[in-house]
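Worksheet: one structure, shown below.
Residue numbers (this note's numbering): 1 to 518.
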């Protein structure tokens, strides 16, 4: 049974100031939601100290948010069909505002974790629906620009999150990283509701798929929790992590089987029967895996190995956003003229080249030499995100776009989470291996090692102290060699992804049109 406020002709696209206002409102709400995934990272020590817990317990503020958000993203399409896209988006923004306020007011770690869980759950549908609302409000000819603006908010927010979070925490206090969401969210919700309340989408009174919902919550929740905490518990040597892995595997396997045969699935997996959706989402998720791996280990290496502060590590990371921000509108405006698979191929070549460039740095690399490849990498970001959004949405009818963007966002988030877990673990393990290999050369028979030890003892240090400093030097070089390995592996992955793209089948510019063939 379906009811709709606009069963007649579809409403024309917005134009002029109304379209500009809506774009700003939707972009800022998306920016806030994605920003909150990374803004807390640099504030964890402050939060932990303020609430009297350890730093490892403080990281629960990060994992609780990503956990709830990951569960809600695949549900976006189902929620939007049941309540309407406009109502769902505005309600999601309002929940985000309320729970952001509660996060700032938290006086204990359990209270903050619960508020972060609710904040993540409330904001889950925001990112996917922001793209859906933009596409339905823009004229067909300008949908490339809508995609470009949306992609830039999603990409730039995680880069600026740590910088803004560090600045607010240092100059005010950690609750302000949550309070800044309140005025922005209220304004975004008010503008969106004022402009779109008469443009609500069709509402379907579909029954709730309880079994699918339970399997989704248990499976995705276990998987996300395992990825967030596996590294701290030495992965599968921990009974808790092994149990979570088993629960995730069983629940997700049953979820796939159930949803493919359910009459009213809570997650529309039938989208993967479309070639372009499968190719686009696969390329985006695996590309995100490699891209995020670089973005996770680079600032970690700067802070733990080269002695950078959080602010300076953020400044070394940020130049990647400059060219991305400048090129995105140009690319969006000309998207219909380009062969999208070639554009993404170019992005992967630039990513591979800059990743290899990073793998050549040693521990004496200067700040200026480190920011240059980050700056160049920015060329590839819009060429990666914008065309892939267009590829996976190609040929989908408008009523499937919310489900498609929700599912694609879920896999993008999952790619980021898996990447964080794998890259940090691999970096630590490769660091230990390189340290062991380098230590083999510190013997009495090794002339360079003997020279270093003699120089250190001549400065008045004891033999034990000299060996301690030598070990620190070895550790610094071992972790640098390990980070080089990660960059090199990411470069290879980007190259291997190029053939995958060419399985997509043109044309790619028909998102939101009438139902197309498979």
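The beta carbon of each residue, even a glycine, is placed where N, CA and C say it ideally should be. Note that this is a predicted model, so its numbers are computed, not measured.
For this session: State the DSSP-derived secondary structure class of residue 203, mapped to helix, strand or coil.
Result: Note: residue 203 maps to strand in three-state DSSP.
Problem set entry | Expected contact under 8 Å - CB spacing of residue 112 and residue 61 to nearest Å | Contact flag correct, Cβ pair sits at about 6 Å.
Exercise. Do you know offhand how far residue 235's Cα is from residue 470's?
Worked result: About 31 Å.
For this session: Would you check if the distance between the CB atom of residue 136 and the CB atom of residue 22 is smaller than 8 Å?
Result: Contact: no.
Exercise. Could you give the C-beta distance for residue 192 and residue 34, rounded to a whole number, given that I count them as a contact under 8 Å?
Worked result: That belief does not hold up - the Cβ atoms of residue 192 and residue 34 are roughly 17 Å apart, past 8 Å.
Problem set entry | Exposed unless 16 or more other CB atoms sit within 10 angstroms - verdict on residue 107 | That one is exposed.
Exercise. Does the distance from the C-beta atom of residue 160 to that of residue 318 stay below 8 Å?
Worked result: Their beta carbons are under 8 Å apart, which means residue 160 touches residue 318 by this criterion.
Problem set entry | residue 46 classed as buried or exposed, judged by whether at least 16 other C-beta atoms fall within 10 angstroms | Its Cβ being crowded by 16 or more others within 10 Å, residue 46 is buried.
Exercise. Expressed to the nearest angstrom, what Euclidean distance is found between the alpha-carbon atoms of residue 396 and residue 37?
Worked result: Using only the alpha carbons, I get a separation of about 29 Å.
Exercise. Roughly how many angstroms lie between the CA atoms of residue 326 and residue 441, to the nearest whole one?
Worked result: Between the C-alpha atoms of residue 326 and residue 441 there is a straight-line separation of about 49 Å.
For this session: Tell me where the alpha helix (DSSP H) around residue 264 begins and ends.
Result: Neither: residue 264 is in no alpha helix (DSSP H) and is coded neither H nor E.
Problem set entry | Under the three-state DSSP convention, the category residue 360 falls into | In the structure shown, residue 360 sits in coil (DSSP, three-state: anything other than H, G, I, E or B).
Exercise. Measuring CA to CA, which of 177, 173, 151, 148 is closest to residue 162?
Worked result: Of all alpha-carbon atoms in 177, 173, 151, 148, the one lying nearest the alpha-carbon of residue 162 is that of 177.
Exercise. Can you check whether the CB of residue 291 is closer than 8 Å to the CB of residue 351?
Worked result: Contact annotation: residue 351 and residue 291 have beta-carbon atoms nearer than 8 Å.
Exercise. Are residue 67 and residue 228 close, meaning C-beta to C-beta below 8 Å?
Worked result: If you check the CB distance, residue 67 and residue 228 come in under 8 Å.
Problem set entry | Beta-carbon proximity list for residue 277, same chain, < 7 Å, skipping 5 on both sides | Closer than 7 Å at Cβ, skipping near neighbours: 271, 392, 404.
For this session: Could you pull out every residue in the same chain whose Cβ sits closer than 6 Å to the Cβ of residue 415, ignoring the five residues on either side in sequence?
Result: Once the five neighbours on either side are set aside, the close Cβ partners of residue 415 are 285, 288, 289.
Problem set entry | Coil, strand or helix - residue 306 by DSSP | If DSSP states are grouped into helix, strand and coil, residue 306 belongs with coil.
For this session: Out of 103, 216, 387, point me to the one whose CA is closest to residue 410's CA.
Result: Ranking the options by Cα distance to residue 410, first place goes to 216.
Problem set entry | As assigned by DSSP and simplified to three states, the class of residue 415 | In the structure shown, residue 415 falls within a helical segment according to DSSP collapsed to helix, strand and coil.
For this session: Indicate the three-state DSSP secondary structure (helix, strand or coil) for residue 180 in the structure shown.
Result: Coil, per DSSP.
For this session: With DSSP collapsed to three states, give me the class of residue 208.
Result: Here residue 208 sits in coil by DSSP.
Exercise. Whose C-alpha, out of 180, 264, 222, is nearest the C-alpha of residue 98?
Worked result: Of the listed residues, the one whose Cα sits closest to residue 98 is 180.
For this session: Would you identify the three-state DSSP class for residue 15, choosing helix, strand or coil?
Result: Residue 15 sits in coil when the DSSP states are folded into three classes, being neither helix nor strand.
For this session: Counting only runs of 4+ residues fully inside the stretch 29 to 105, write out the alpha helix (DSSP H) ranges in chain order.
Result: Counting only runs of 4+ residues, the alpha helix (DSSP H) found wholly inside the stretch 29 to 105 occupies 44 to 51, 55 to 58, 60 to 72, 76 to 83, 85 to 105, in chain order.
Exercise. How is residue 503 classed by DSSP in three states: helix, strand or coil?
Worked result: In this structure, residue 503 counts as coil in the three-state DSSP scheme.
Problem set entry | Whole-Å CB distance - residue 248 paired with residue 209, under 8 Å assumed | Going by Cβ atoms, the distance from residue 248 to residue 209 rounds to 19 Å, so no, they are not a contact pair.
Exercise. Apart from the five residues just before and just after residue 132, which ones in its own chain have a Cβ nearer than 7 Å to its Cβ?
Worked result: Answer for residue 132: 85, 401, 402, 405, listed in chain order.
Exercise. Do you know how far the Cα of residue 204 is from the Cα of residue 2?
Worked result: Because the pLDDT at residue 2 is just 46, under 50, the model does not fix this residue reliably, and the value given afterwards should be weighed accordingly. Rounded to the nearest angstrom, the two C-alpha atoms are 4 Å apart.
Exercise. Residue 508 and residue 390 look like a contact to me (Cβ under 8 Å); what is the Cβ gap, rounded to whole Å?
Worked result: Right, the Cβ-Cβ distance comes to about 5 Å (below 8 Å), so this counts as a contact.
For this session: Report all residues from its chain with a CB closer than 6 Å to the CB of residue 196; omit the five preceding and five following residues, and keep chain order.
Result: The answer, listed in chain order, is 86.
Problem set entry | Same chain, Cβ closer than 8 Å to residue 334, five either side skipped, listed in chain order | Excluding residues within five positions, the ones whose Cβ falls inside 8 Å are 144.
Exercise. Can you name, in chain order, every residue of its own chain whose Cβ lies under 7 Å from the Cβ of residue 126, other than the five neighbours on each side?
Worked result: For residue 126, where only same-chain residues beyond five positions count, the Cβ hits under 7 Å are 29, 30, 33, 89, 92, 93, 96.
Exercise. Expressed to the nearest angstrom, what Euclidean distance is found between the alpha-carbon atoms of residue 296 and residue 423?
Worked result: Residue 296 and residue 423: Cα-Cα distance of roughly 8 Å.
Exercise. So what does DSSP say about residue 315, is it helix, strand or coil?
Worked result: Correct three-state label for residue 315: helix.
Problem set entry | Spatially closest choice to residue 75 from 141, 348, 122, 115, by CA coordinates | Of 141, 348, 122, 115, the residue nearest in Cα terms is 122.
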